[in-house]
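>
There are 2 protein chains.
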Amino acid sequence: MKQTPAANRPVTMEDVAREAGVSRALVSLVMRDSPKVSPGKRAAVLETADALGYSPNRLASRLASHRTKTLGVLFLDLHNPVFADIYDGIAEGIEGSGNQMMVAVGSADPRTELEAVRSFVDLRADGVLLAGYTGSEGDLASALRGTPAVVITRELDADGVDSVLTDDFQSGVLAVEHLHELGHRRIAHVDISDWLPYTARREGYLHAMEQFGLEPMLVHSDMTERGSREVMENFLATGTPLPTAIFTHNDLTAMGVMEALHAHGLAVPDDVAIIGCDNIEVAASPLIGLTSIDQHARELGRSAAEVMLDRIAQPGGPAITRKLEPALMVRNSTAGSTKQ
Amino acid sequence: MKQTPAANRPVTMEDVAREAGVSRALVSLVMRDSPKVSPGKRAAVLETADALGYSPNRLASRLASHRTKTLGVLFLDLHNPVFADIYDGIAEGIEGSGNQMMVAVGSADPRTELEAVRSFVDLRADGVLLAGYTGSEGDLASALRGTPAVVITRELDADGVDSVLTDDFQSGVLAVEHLHELGHRRIAHVDISDWLPYTARREGYLHAMEQFGLEPMLVHSDMTERGSREVMENFLATGTPLPTAIFTHNDLTAMGVMEALHAHGLAVPDDVAIIGCDNIEVAASPLIGLTSIDQHARELGRSAAEVMLDRIAQPGGPAITRKLEPALMVRNSTAGSTKQ
DNA sequence: CACTGACTTTAGAGCGCTCTAATAACATTC
DNA sequence: GAATGTTATTAGAGCGCTCTAAAGTCAGTG
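Going down the list, the protein sequences come from chains G and V.
Here the working numbering is used: the first residue of the first sequence is 1, the next is one more, and so on.
Here the working numbering is used: the first residue of the second sequence is 341, the next is one more, and so on.
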């Protein structure tokens with residue numbers, strides 16, 4: 001297809017300026033809603049811009065202005081609704097600040113995560129929020145190259161990286177305490193694969209078990225519903241004596257475990273009590289009635305956004321860690337399962 | 341491991357070039373993995389780039405190259421897991437193509453949606469995928485300004501906008517046929533608010549009801565679990581004679597309806613049979629056992645990505661519509677609910 | 001040893017915008 | 001009506017990169 005260069009070329013500010021009989025700088029001012037443009041010229045510029053179908057090139061404007069007003073946000077996994085809650089929190093937190101989000105999904109793969117972070121940095125995001133990150137602090141710091149970051153749901157010890165999370169250790173403790181109080185003594189924990197840096201819930205569990213003088217019982221799974229269902233089915237197939245209660249890493253794994261129990265004709269909470277973590281909406285539904293530990297996901301997102309905006313407004317200073325207290329939400333999956 | 345020099349001004353290609361004793365153009369070639377750079381210079385450039393903590397400015401490179409290799413992807417709502425499936429499909433579809441995703445969430449608000457689309461266009465995304473869009477075709481076309489787009493889950497009649505969807509009308513028909521076959525005659529439909537342009541499922545329902553000579557029964561809700569729960573509770577409170585079966589717009593609304601029934605001591609499927617739509621994982625779980633209509637969300641995403649890549653490779657040509665056949669997935673919420 | 005041609009490297013003109021500083025235009029004041 | 005502000009407008013120098021075309025290299029040829 002041969003056409004004159006001018007024919008198919010997208011409309012630029014220059015074109016609008018020429019057509020409207022003003023300078024490019026004036027058009028720029030109009031596009032940025034500058035108050036120092038006379039009403040007359042403003043109207044004229046807007047009109048011809050519209051007539052020519054002008055669409056500002058934000059790449060160019062960002063390059064020239066050294067300002068992007070954009071936050072890169074990385075999510076661990078879209079399948080876990082807890083991240084939808086975090087998203088809502090972030091959206092709430094940046095509302096009115098004039099910032100935009102740039103979203104990516106890491107899929108619990110450190111390489112994908114780092115690539116996403118690098119992409120944010122290369123596109124000069126003003127800051128990066130990581131709603132779940134499974135890689136190492138060193139890799140993250142080197143990918144960030146000084147861009148401020150806030151890690152959500154995890155505590156990270158790296159320069160210029162703030163953390164906003166719920167006290168996961170305490171969640172583990174709460175779960176065990178709750179089950180212990182109901183009379184359970186054989187309490188198992190289904191965690192996620194050990195290479196992932198999300199170990200605090202397990203540690204809290206182990207700590208509390210030890211405090212109570214109970215024998216811990218660990219089963220390794222992954223973060224998904226399906227995965228933990230399979231893991232649990234394999235476990236049941238081994239014929240190992242059953243625990244009377246299970247604390248799982250999160251609600252999705254709890255559901256998988258419940259499915260496996262269900263398939264084996266075991267009743268919850270009568271045969272086995274279950275307690276999850278995250279307090280996601282579907283699990284909280286009366287249809288499932290899963291007892292869970294609320295980690296205040298939405299608040300986490302809101303708070304992380306707040307920390308980031310502060311950090312951008314006032315760079316430097318020591319890394320901040322904000323830790324929320326988890327909250328036990330008792331529902332059918334443990335209620336009335338007294339074992340004493 | 342490398343420490344970024346605490347320079348006020350970020351490191352540019354120019355700096356690397358000077359330090360390495362080569363031209364900026366050479367550095368550019370190295371950064372783009374050009375094969376026409378001698379191994380010696382390549383190594384030297386990479387080394388000093390690393391030493392200086394150089395991070396390429398993708399804004400500048402995109403501006404200069406007129407190429408972004410980026411697809412904007414808009415999601416209707418992160419709370420509905422069907423979009424996580426679509427995401428996976430898109431990721432699969434663009435794998436290996438060298439393209440990146442730029443994600444935004446519309447939250448079923450046409451203004452937010454359009455702003456996101458404009459943002460994609462202004463950042464010169466090569467194409468835009470809309471996984472759910474609630475606005476008008478006119479607004480979309482004008483925001484796109486010629487950028488190719490694919491709408492997923494909806495059929496849109498606009499220039500340069502392709503559509504990839506499941507036959508929603510057919511889904512409505514399938515649902516009614518299934519229920520009718522089980523002997524149900526009083527079949528209600530819970531849809532989503534009427535201003536949303538997602539009416540095909542309802543129309544399919546209405547069509548099938550008419551074919552069977554049955555009286556339709558419509559209840560308006562929204563797209564959420566909570567919303568439909570409330571709507572259903574209000575409905576139950578009115579004392580209107582109950583239908584024996586309900587087809588809901590999607591699985592989330594189905595769950596809300598089930599919760600309301602549950603709260604009123606009504607059994608599913610014995611008192612009321614339920615059938616949803618989308619076939620999301622949690623609803624398919626044995627814990628819920630919701631009969632649903634699979635719309636092949638992941639395949640939708642994959643296919644949309646494919647259409648977009650083709651469109652980018654070969655611009656022009658008439659708008660494409662790809663329509664998949666829905667598939668009925670029978671589970672407990674309707675199974676064995678014979679009303680004959 | 002000037003002359004290829006294949007391979008490397010570079011100068012320099014953009015990409016489309018913003019920003020600073022200067023200029024123009026127009027009220028005010030004395 | 002010259003001096004003084006005030007407010008609008010513009011010229012022009014970047015922003016950090018890519019790209020084209022031209023210029024160097026450096027064998028191998030005849």
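All C-beta atoms, glycine included, are put in the ideal place defined by N, C-alpha and C.
Closer than 7 Å by beta-carbon distance: list the chain G residues that pair up with V/Gln440, in chain order.
As a working mapping, residue 440 of chain V is identified with position 100 in the second sequence. Correct list: Ser119.
> According to DSSP, simplified to helix, strand and coil, what is G/His79?
Locating residue 79 of chain G in the first sequence gives position 79, where the first residue counts as 1. The answer is coil: DSSP assigns G/His79 none of H, G, I, E or B.
> With a threshold of 6 Å (Cβ to nearest heavy atom), would V/Gly500 be considered close to the ligand NAP?
The ligand NAP is not part of this structure, which contains no ligands at all.
> I'd like the list of long-range same chain contacts for V/Gly412, defined as Cβ closer than 6 Å, with 5 residues on each side in sequence excluded.
Taking the first residue of the second sequence as position 1, residue 412 of chain V is located at position 72. These residues qualify, in order along the chain: Met442, Phe460, Ala465 and Val468.
> For V/Ala357 versus V/Val367, is the C-beta spacing smaller than 7 Å?
The count along the second sequence starts at 1 and reaches residue 357 of chain V at position 17. The count along the second sequence starts at 1 and reaches residue 367 of chain V at position 27. Yes. Within cutoff.
> With a threshold of 7 Å between beta-carbons, can G/His79 be considered close to chain V, or not?
To locate residue 79 of chain G, count along the first sequence from 1; it is residue 79. Judged by the 7 Å Cβ criterion, G/His79 is in contact with chain V.
> How many Å lie between V/Leu392 and G/Ile192 at the Cα?
In the second sequence, the residue the question calls residue 392 of chain V occupies position 52. In the first sequence, the residue the question calls residue 192 of chain G occupies position 192. Each residue's alpha carbon lies about 39 Å from the other.
> Can a CB atom of chain G be found closer than 7 Å to the CB of V/His604?
Counting from 1 along the second sequence, the entry for residue 604 of chain V is found at position 264. Taking Cβ atoms only, chain G never reaches closer than 7 Å to V/His604, which makes this a no.
> When burial is assigned at 16 or more other CB atoms within 10 Å of the CB, is V/Ser568 buried or exposed?
As a first step, residue 568 of chain V must be located in the second sequence, where it is residue number 228. V/Ser568 should be labelled buried.
> For G/Asp50, count neighbouring Cβ atoms within 10 angstroms of its own Cβ and tell me buried if that reaches 16, exposed if not.
Counted from its first residue, the first sequence places residue 50 of chain G at position 50. With fewer than 16 other Cβ atoms within 10 Å, it is exposed.
> Return the CA-CA distance between G/Gln3 and G/Arg9, expressed in angstroms with no decimal places.
Within the first sequence, numbered from 1, the residue matching residue 3 of chain G stands at position 3. Within the first sequence, numbered from 1, the residue matching residue 9 of chain G stands at position 9. Only weak support exists for where G/Gln3 lies, its pLDDT of 31 falling under 50; the value from the coordinates is given anyway. Cα to Cα, the separation comes out at about 10 Å.
> Have a look at G/Ser136 and V/Thr388 and give me their C-alpha separation to the nearest angstrom.
Residue 136 of chain G sits at position 136 when you count from the first residue of the first sequence. Residue 388 of chain V sits at position 48 when you count from the first residue of the second sequence. Approximately 25 Å between the Cα atoms of the pair.
> If we call anything under 7 Å between Cβ atoms a contact, is G/Asp77 one with G/Leu114?
Along the first sequence, read from residue 1 onward, the residue named residue 77 of chain G stands at position 77. Along the first sequence, read from residue 1 onward, the residue named residue 114 of chain G stands at position 114. No, these two residues do not count as a Cβ contact at 7 Å.
> Looking at C-beta atoms only, is the number of pairs between the stretch 367-376 of chain V and the stretch 319-333 of chain G that lie closer than 8 Å three or more?
They do not touch, by the three-pair rule.
> Within its chain, find whatever has a CB closer than 8 Å to the CB of V/Asn439; leave out the 5 residues flanking it on each side and keep chain order.
Locating residue 439 of chain V in the second sequence gives position 99, counting from the first residue. Correct list, in chain order: Lys409, Thr410, Leu411, Asp466 and Leu649.
> Answer with buried or exposed for V/Pro581, where buried requires no fewer than 16 other C-beta atoms within 10 angstroms of its C-beta.
Start at 1 with the first residue of the second sequence, and residue 581 of chain V comes out as number 241. Exposed.
> Shorter than 7 Å from the beta carbon of V/Ile628 to some beta carbon of chain G?
As a first step, residue 628 of chain V must be located in the second sequence, where it is residue number 288. V/Ile628 counts as touching chain G.
> With burial defined as no fewer than 16 other Cβ atoms inside 10 Å of the residue's Cβ, what is the status of G/Asn80: buried or exposed?
Along the first sequence, one-based indexing puts residue 80 of chain G at 80. Burial call: buried.
> Given a cut-off of 7 Å, decide if G/His66 and V/Pro626 are closer than it, judged by their beta-carbon atoms.
By 1-based counting over the second sequence, the position of residue 626 of chain V is 286. By 1-based counting over the first sequence, the position of residue 66 of chain G is 66. Contact: no.
> Rounded to a whole number of angstroms, what is the C-alpha to C-alpha distance between V/Asp508 and V/Gly544?
Locating residue 508 of chain V in the second sequence gives position 168, counting from the first residue. Locating residue 544 of chain V in the second sequence gives position 204, counting from the first residue. Taking the straight line joining both Cα atoms gives about 7 Å.
> Would you call the CB atoms of G/Gly132 and G/Pro148 closer than 7 Å?
For this step, residue 132 of chain G is matched to residue 132 along the first sequence. For this step, residue 148 of chain G is matched to residue 148 along the first sequence. Taking 7 Å as the Cβ cut-off, G/Gly132 and G/Pro148 do not qualify as a contacting pair.
> Determine, using beta-carbon pairs with one atom in the stretch 426-436 of chain V and one in the stretch 628-648 of chain V, whether at least three such pairs fall under 8 Å.
With a cut-off of 8 Å, the stretch 628-648 of chain V and the stretch 426-436 of chain V count as touching, because enough Cβ pairs lie within range.
> Taking only the alpha-carbon atoms, compute the straight-line gap between G/Leu130 and G/Glu181 and give it to the nearest angstrom.
If you number the first sequence from 1, residue 130 of chain G lands on position 130. If you number the first sequence from 1, residue 181 of chain G lands on position 181. Each residue's Cα considered, the two are about 36 Å apart.
> Does V/His518 come out as helix, strand or coil in the three-state DSSP assignment?
Stepping through the second sequence from its first residue, residue 518 of chain V is reached at position 178. Helix, per DSSP.
> With distance defined between alpha-carbon atoms, name the residue in G/Leu179, G/Leu144, G/Ala175 and G/Val257 nearest to G/Asp162.
Looking up residue 162 of chain G in the first sequence gives position 162. Answer by Cα proximity: G/Leu144.
> Against chain G, does V/Ser673 count as a neighbour if the rule is that its beta carbon must be under 7 Å from one of theirs?
Indexing the second sequence from 1 puts residue 673 of chain V at position 333. No, because no Cβ of chain G sits closer than 7 Å to the Cβ of V/Ser673.
> Check whether chain G comes within 7 Å of V/Met450, counting only Cβ atoms and requiring the distance to be less than that.
Within the second sequence, numbered from 1, the residue matching residue 450 of chain V stands at position 110. According to the sequence as given, residue 450 of chain V is Pro; it is not Met. By this cut-off, V/Pro450 is not an interface position.
> Can you grab the Cα-Cα spacing for the pair V/Phe587 / V/Ala637, in whole Å?
Locating residue 587 of chain V in the second sequence gives position 247, where the first residue counts as 1. Locating residue 637 of chain V in the second sequence gives position 297, where the first residue counts as 1. If you take the alpha carbons of V/Phe587 and V/Ala637, they lie about 19 Å apart.
> With DSSP collapsed to three states, give me the class of V/Lys683.
An answer regarding residue 683 of chain V cannot be provided, because it is not within the stretch 341 to 680 covered by chain V.
> When the Cα of G/Val105 is compared with those of G/Ile94, G/Glu95, G/Thr134 and G/Gly96, which residue comes out closest?
Working through the first sequence from its first residue, we reach residue 105 of chain G at position 105. The option with the nearest alpha carbon to G/Val105 is G/Thr134.
> In this structure, how does DSSP classify V/Ile434 when only helix, strand and coil are distinguished?
Mapped onto the second sequence, residue 434 of chain V falls at position 94. In the structure shown, V/Ile434 sits in a helix (DSSP, three-state: H, G or I).
> Can a CB atom of chain V be found closer than 7 Å to the CB of G/Arg124?
Locating residue 124 of chain G in the first sequence gives position 124, counting from the first residue. So yes, G/Arg124 belongs to the interface.
> Leaving out five residues before and five after G/Val82 in sequence, what residues of the same chain have Cβ atoms less than 6 Å from its Cβ?
Taking the first sequence and counting its residues from 1, the one referred to as residue 82 of chain G is at position 82. Within the same chain, G/Val82 has close Cβ partners Asp278, Ile280 and Ala297.
> According to DSSP, is G/Ser292 helix, strand or coil?
Start at 1 with the first residue of the first sequence, and residue 292 of chain G comes out as number 292. Strand.
> Excluding the 5 residues flanking G/Thr353 on each side, which residues of the same chain have their C-beta closer than 6 Å to its C-beta?
The question about residue 353 of chain G has no answer here: the residues shown for chain G are numbered 1 through 340.
> Of all the CB atoms in chain V, is at least one closer than 7 Å to the CB of G/Leu59?
As a working mapping, residue 59 of chain G is identified with position 59 in the first sequence. Closer than 7 Å to some Cβ of chain V, the Cβ of G/Leu59 qualifies, so yes.
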